[in-house]
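Worksheet for the structure shown next.
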Amino acid sequence: AQSVTQPDIHITVSEGASLELRCNYSYGATPYLFWYVQSPGQGLQLLLKYFSGDTLVQGIKGFEAEFKRSQSSFNLRKPSVHWSDAAEYFCAVVINTNAGKSTFGDGTTLTVKP
Amino acid sequence: EAGVAQSPRYKIIEKRQSVAFWCNPISGHATLYWYQQILGQGPKLLIQFQNNGVVDDSQLPKDRFSAERLKGVDSTLKIQPAKLEDSAVYLCASSLWGDTEAFFGQGTRLTVV
């Protein structure tokens, strides 16, 4: 069965600093990959997704992610973090978009220091 | 465009009681999902509907959980009887086709005491 690992439970960065959140997946083929953000008391908002093609994907709010097949990774990055980015971030994979389901990692909580 | 609507936002019940959650997906979205998100974990799929048919309910605890999507539009998730470990946020999501991009509601936070 596919699995998603987000190794960092909690990350703290200073406002204006760069950010990288790690995501590794376990599956034989290349899955469809997603990053979501969840603010307290809110649902999940899609930041970006990778299906195929260019391995560097641009998303909303200045986020980007890079798919590395050799490392089975899909790390999320942002060059300069804003205080409003403080939230929980989830990586997810889907094997088959026709009838598949999303498997989520357990999330990384981002704290932004002023 | 209206998003995925869920109600209620919060619910507190005693164990062994029953509870129901309602979800209205985005208009035209054929696929509807119910996820359970326990504190400190990522969401886990309970059930997936395509129109009014069940695609995947392998993770649904069928002895106590049930879900329906009559007429292929809104959906209801029921727990009867509830256990303490059912305390979680229940998220509903919908998508146009399969899992290409799912839109999530704000969720229902259930506390079982």
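Protein sequence lines correspond, in order, to chains D and C.
Per the working numbering, the very first residue in the first sequence carries number 76; after that it's consecutive.
Per the working numbering, the very first residue in the second sequence carries number 92; after that it's consecutive.
Glycine residues also receive a C-beta, built at the ideal position from the N, C-alpha and C atoms.
None of these values were measured; they are calculated from a predicted model.
query: Under the DSSP definition of a beta bridge, which residues are partnered with ASP147 of chain C?
result: Residue mapping note: residue 147 of chain C aligns to position 56 of the second sequence, counting from 1. C:GLN139, per the DSSP bridge assignment.
When Cβ atoms are compared, which residues of the segment 130-160 of chain D fall closer than 8 Å to chain C? none
| request: Kindly provide the ranges of any beta strand (DSSP E) runs that are 3 or more residues long and lie completely inside the segment 100-175 of chain D, ordered along the chain. | output: 107-113, 119-125, 131-133, 139-143, 148-153 and 162-169
query: Nearest chain C C-beta to LEU96 of chain D closer than 8 Å, yes or no?
result: Position 21 of the first sequence holds residue 96 of chain D. By this cut-off, LEU96 of chain D is not an interface position.
Query raised in the report: Taking Cβ to Cβ, would you say VAL112 of chain D is nearer than 8 Å to TYR164 of chain D?
Result: Residue numbering aside, residue 112 of chain D sits at position 37 when the first sequence is read from its first letter. Residue numbering aside, residue 164 of chain D sits at position 89 when the first sequence is read from its first letter. In this structure, TYR164 of chain D lies closer than 8 Å to VAL112 of chain D by Cβ.
Residues in the segment 112-131 of chain D having any Cβ partner in chain E nearer than 9 Å: The structure shown contains no chain E; the protein chains it does contain are D and C.
Please list, in chain order, the chain D residues whose beta carbon lies closer than 7 Å to that of GLY198 of chain C. Stepping through the second sequence from its first residue, residue 198 of chain C is reached at position 107. Those within 7 Å of GLY198 of chain C in chain D are GLY118.
Using 8 Å as the limit for Cβ to Cβ distance, is LYS176 of chain D near chain C? Working through the first sequence from its first residue, we reach residue 176 of chain D at position 101. At least one chain C Cβ lies under 8 Å of LYS176 of chain D.
Taking the alpha-carbon positions, what's the THR87 of chain D to THR184 of chain D distance? Indexing the first sequence from 1 puts residue 87 of chain D at position 12. Indexing the first sequence from 1 puts residue 184 of chain D at position 109. Cα to Cα, the separation comes out at about 8 Å.
| task | For GLY180 of chain D, return the contacting residues in chain C, with the cut-off set at a CB-CB distance below 7 Å. | result | In the first sequence, the residue the question calls residue 180 of chain D occupies position 105. Within chain C, the residues near GLY180 of chain D are GLY133.
Worksheet item: Would ALA193 of chain C count as contacting chain D if we go by Cβ distances under 8 Å?
Response: The residue labelled residue 193 of chain C in the question sits at position 102 within the second sequence. Yes, because at least one Cβ of chain D sits closer than 8 Å to the Cβ of ALA193 of chain C.
- [ ] Work out the CA separation of ALA111 of chain C and GLN171 of chain C for me, nearest whole Å.
- [x] Here residue 171 of chain C is taken as the residue at index 80 of the second sequence, counted from 1. Here residue 111 of chain C is taken as the residue at index 20 of the second sequence, counted from 1. Looking at the two C-alpha atoms, the distance is approximately 9 Å.
Start and end of the beta strand (DSSP E) containing GLU95 of chain D? Counting from 1 along the first sequence, the entry for residue 95 of chain D is found at position 20. Start and end: 94-96.
Going along chain D in order, which residues have a C-beta closer than 7 Å to the C-beta of LEU136 of chain C?
The residue labelled residue 136 of chain C in the question sits at position 45 within the second sequence. Neighbours of LEU136 of chain C on chain D, chain order: LYS176 and SER177.
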